[in-house]
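In my numbering, the protein residues as written are 129 to 580.
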Ligand code: BES
Ligand code: MN
Ligand code: MN
C-alpha cells in the first residue's frame, strides 16, 4: 500500500523537494536571512498540506523554528521529529559540477546543497507523514520541530526547548540527519561526537612589515602559529593538551570488537578520497578513530597575503579556527578551558595570542534497548532485508544531548545518507533510492512503534 502510494507520487515528492532545495537557506551568512525565512515558510505550507492540525513558525532571536503537531489520540505514544532546514555555505562554488541551488538528478543522485544534510532527509519525514495521513495509517501522535540554525550551533533551539518542555512532551525523538553504511549494510547511528570550537589569534609586530627589511629579525606570527599547531599532536597521533583524555570513556575489548565487525573497505575508503595513506591515533582502527576517539583539527588558517601573485610581507597577525571532536564523557566547556590554558601556556615570548570560544556541544550515545530503537531496527530489516548494525558516527548534533538533558528523551538516529554524499563539500548529493527507501523505512518505524 505504502509502496504504491510512493510510486504514484514520486515525481511530485521530488519536485517539491527540489523547490525547497532551490532556496539558499544558508544560516552562516546573514545576506541569506530572507531565504532562510522562505525555507521555513515553505516547510510550514508543506506540513499543513501533509495533514498537520497546527503548524506555526516560532520566532527566536535568530532563525525561526517550524513546529507542527498531529494529535490523533492523547493516550497514544508521541514521536517528536527533529530536523534542520538550514544549510552550509556552498563554497567553493567553482568546484560544483552544477550550481548548488539548482538541484539536478545525475546517476540516480540528487545534487544540491542540503540534498542530504538535511533538507532531503527532513523531507522524507514530511512525505512519510503525508502518506500515513492519506492512507489512514497514523498510529501515534506526531510533532515536528525543524530549526534553521543547526549548522551554526542551535543556540536558539536550546532556548526554545528549555522554554517549551510541555509543548514538546513526547516519548521519543526521531532524527534523520546522519548516515548509514550502505544499502546492502544498513546501520543505525548510536553515537555522535561532541564539539568544542575556538578561534585563535596570534599577534606579532604592530603592522605588516617588509619581509626583506625585517625578515629574520622579527618573529612571524604565521610561523609561530604553525609551530604551536604542529605541537598539538604527538608522534602517535594523540592530542598533547594536558588532561584532554582524562574523561574519555574507554571501551571494553568486546565493545571495540563489535565496532570493528562493521563492514569497512579501507581501500575503497582511501580511493574515494584520493589519498594514499590514512593517519590517526595509533592502535585504533579507522572506525574507532571517527566513532569513539576525540580529535583536534584546524578548520581554517589565514594571515598575511593570500591574494594573487607574490607580495613580500611579514604579517602582523595570524588566525586559525580549531575544532575538537569529543566523545563520552568529555565536556565541551572543560575541553575549551583545557585548550585555552594550554594554548596560552605555549605562546612564545616574541608574539601575543588570544583564544575566542565559538561554540560547543556535548557527545551523545543512544540506547539499543529502547522500544523505539527496536522499532527502527525492525523497520530497516523489513525494508532493507537485513538487521541494521548499530554504529557510532563521527559528526555532531549537539541538540541530541540537550534533548536528553532538558526533556529526558532518548533519540533514535535513522539516517539514510552515505559518508560519500559530500555533505558540507562541493557536489553534495543524496541517492534518489535512499530518499524513497527512507520514506518507506520511516513509515515502517511507526508501524512497529505505534499502536498495533
Ligand atoms: N548532519 C550533520 C551531523 C552529522 C553528519 C552527524 C554525518 C553524523 C554523520 C550536522 O548537520 C552537522 O554538520 N553538524 C555539525 C555540528 C554543528 C554544531 C555545526 C558538525 O558535525 O560539524
Ligand atoms: Mn545535519
Ligand atoms: Mn551539517
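Even glycine gets a Cβ: it sits at the ideal position worked out from N, Cα and C.
Suppose you measure from the CA of residue 146 to the CA of residue 281; what does that come to, to the nearest Å? Distance between the alpha carbons of residue 146 and residue 281: 26 Å.
Using 8 Å as the cut-off, can you tell me whether the region 299-314 makes contact with the region 411-426, which would need three or more C-beta pairs spanning the two stretches below that distance? Because the criterion of three Cβ pairs below 8 Å is not met, the region 299-314 and the region 411-426 do not touch.
Apart from the five residues just before and just after residue 252, which ones in its own chain have a Cβ nearer than 8 Å to its Cβ? Excluding sequence neighbours, residue 252 sits near 304, 544, 563, 566, 567 and 570.
Can we count residue 212 as close to ligand 2, meaning its CB is less than 7 Å from some heavy atom? Flag set: Cβ of residue 212 near ligand 2.
Any residue whose CB is nearer than 6 Å to a heavy atom belonging to ligand 3, listed in chain order: If you measure from each CB to the nearest heavy atom of ligand 3, the residues under 6 Å come out as 216, 245, 279, 551 and 552.
Hey, residue 205 and residue 294 are a contact pair by Cβ (cut 8 Å); roughly how many whole angstroms apart? The pair is not a contact, with the Cβ atoms about 17 Å apart (cut-off 8 Å).
Is the distance from the Cβ of residue 605 to the Cβ of residue 377 below 8 Å? Outside the displayed span of the chain (129 to 580) sits residue 605, for which this structure offers no information.
Which residues in the same chain as residue 288 place their Cβ atom closer than 7 Å to its Cβ, once the five residues preceding and following it in sequence are excluded? Only residues of its own chain outside the window of five on either side were considered, and among them 186, 188 and 193 have a CB closer than 7 Å to the CB of residue 288, listed in chain order.
Is residue 283 close to ligand 2? I mean its beta-carbon at under 7 Å from any heavy atom of the ligand. If you check the C-beta of residue 283 against ligand 2, you find no heavy atom less than 7 Å away.
How about residue 459 and residue 422: do their beta carbons lie closer than 8 Å? Result no, Cβ atoms of residue 459 and residue 422 do not sit closer than 8 Å.
Helix, strand or coil, according to DSSP, for residue 433 in the structure here? Coil.
In the DSSP output, which residue or residues are listed as bridge partners for residue 186? Its beta-bridge partners are 193.
Restricting to Cα atoms, I'd like to know which of 357, 529, 575 and 235 is closest to residue 455. The shortest C-alpha separation from residue 455 is found at 529.
Consider the C-beta atom of residue 523 and the heavy atoms of ligand 1; say whether any pair is separated by less than 7 Å. With a cutoff of 7 Å, residue 523 counts as near ligand 1, since its C-beta is closer than that to a heavy atom of the ligand.
Between the CA atoms of residue 260 and residue 137 - distance to the nearest angstrom: The straight-line gap from Cα to Cα measures roughly 13 Å.
Tell me where the alpha helix (DSSP H) around residue 176 begins and ends. It spans 161-178 - the alpha helix (DSSP H) in which residue 176 sits, taken as one unbroken run.
7 Å CB neighbourhood of residue 572 in its chain, flanking five on each side removed: Answer for residue 572: 507, 510 and 511, listed in chain order.
Could you please give the first and the last residue of the uninterrupted alpha helix (DSSP H) stretch that includes residue 419? For residue 419, the enclosing alpha helix (DSSP H) begins and ends at 414-419.
Quick one: is the Cβ of residue 305 within less than 7 Å of any heavy atom of ligand 2? Yes.
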